[in-house]
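There are 2 protein chains.
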Amino acid sequence: MDDEYYMRMALAEAREAYDEGEIPVGAVIVSGDRVIAKAHNGTERLHDVTAHAEIMAITAAEEMLGAKYLTDCTLYVTLEPCVMCAGAIGWAQVSRLVYGAGDEKRGFEQVGRSMLHPKTEVCGGVLSDECSTLVKDFFKTRR
Amino acid sequence: MDDEYYMRMALAEAREAYDEGEIPVGAVIVSGDRVIAKAHNGTERLHDVTAHAEIMAITAAEEMLGAKYLTDCTLYVTLEPCVMCAGAIGWAQVSRLVYGAGDEKRGFEQVGRSMLHPKTEVCGGVLSDECSTLVKDFFKTRR
């Protein structure tokens, strides 16, 4: 069970978003070797700009654990989180953030990492091509 | 119905949070002269770091309108939004953001305004003393 394994699981979530007409982003939260939350973008379906994959995965994981902090968890997400989601990852003190494709336009790295917890380890670029191809394909069908 | 009127409504929400043992922050969203959402911080109660007043107010307002954008709305919040909430305010394209007390530690202004929509007007400091006193009183009772 390595990073690519869980990123493929996040990609499966992203494909569900794609099939629902949502920008295809998926997220998975893992504690030890246990998957405690999976979610995909639902902003159109729910008419809710906060319904990003990461926000819904964090809410689900915390509800599942009955705790506010995800200090022993890794969050996998197919696209570099936006500032909103990075802020949520910071509040939850997620210990490790692994993302797929970078997002030069709306990614949090444009603003810096100050909203993350100082101890959060960040690893970008896992299955980057597959993750970004899915997003590009989505926008092609929309044009 | 001026900014102080709606900020007092947000303060009433913040006091509800206080009474529930939550960091006392309240938010109100107004469209025209109609209040379409009110919410207060619920992170402890819900074990959910994303349950900030602003996030819950935005989710409620968008559900109420059945629309993803709050382009004709003003969001009132008693404390300067954090980066997560400012990101959500940006995605929702809120036309006007009015906050009470500044937050030098976790406020979004530390990072800048790039996560807001370029057209969003920002006004800070409305009933600032009352808003910050409530937060300070809360932390005094916790020591």
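Just so you know, the protein sequences line up as chains A and B, in that order.
Just so you know, the first sequence maps onto residues 1 to 143 in this note's numbering.
Just so you know, the second sequence maps onto residues 1001 to 1143 in this note's numbering.
For every residue, glycine included, the Cβ atom is placed at its ideal position computed from N, Cα and C.
Within-8 Å CB hit, residue i to chain A
i                : result
G1087 of chain B : yes
E1020 of chain B : no
M1007 of chain B : no
I1058 of chain B : yes
E1062 of chain B : yes
N- and C-terminal bounds of the alpha helix (DSSP H) containing residue i
i               : result
R113 of chain A : Where R113 of chain A is concerned, there is no enclosing alpha helix (DSSP H), given that its DSSP letter is neither H nor E.
D137 of chain A : 128–142
M84 of chain A  : 83–91
Range of the contiguous beta strand (DSSP E) that encloses residue i
i              : result
C73 of chain A : 73–79
Residue i - DSSP class collapsed to helix/strand/coil
i                : result
R1045 of chain B : coil
K38 of chain A   : strand
A61 of chain A   : helix
Y6 of chain A    : helix
Y1099 of chain B : strand
V1122 of chain B : strand
G1026 of chain B : strand
Closer than 8 Å to chain C by CB, residue i
i              : result
L46 of chain A : The displayed structure is made up of protein chains A and B, and chain C is not among them.
Looking at C-beta atoms only, is the number of pairs between the stretch 1028–1043 of chain B and the stretch 1110–1121 of chain B that lie closer than 8 Å three or more? No, the stretch 1028–1043 of chain B is not in contact with the stretch 1110–1121 of chain B.
Contact list for the stretch 1028–1055 of chain B against chain A, Cβ threshold 9 Å: T1043, E1044, L1046, H1047, D1048, V1049, T1050, A1051, H1052, I1055
Identify each residue in the stretch 64–97 of chain A for which the Cβ-Cβ distance to at least one residue of chain B is less than 7 Å, and report them in chain order. G66, A67, K68, C82, V83, M84, G87, A88, W91, A92
Chain B contacts from the stretch 100–128 of chain A (Cβ-Cβ distance under 8 Å): Q110, V111, G112, S114, M115
Do the stretch 1105–1112 of chain B and the stretch 1126–1134 of chain B meet, that is, are 3 or more Cβ pairs less than 8 Å apart? Taking 8 Å as the limit for Cβ pairs, the verdict is that the stretch 1126–1134 of chain B does not touch the stretch 1105–1112 of chain B.
For the 8 Å Cβ check, are there 3 or more pairs between the stretch 1060–1071 of chain B and the stretch 1044–1051 of chain B? The stretch 1060–1071 of chain B is not in contact with the stretch 1044–1051 of chain B.
Counting Cβ pairs, one atom from each stretch, are 3 or more of them under 8 Å apart for the stretch 7–20 of chain A and the stretch 1033–1047 of chain B? no
Pairing CB atoms from the stretch 1075–1092 of chain B with CB atoms from the stretch 84–100 of chain A, are three or more of them under 8 Å? yes
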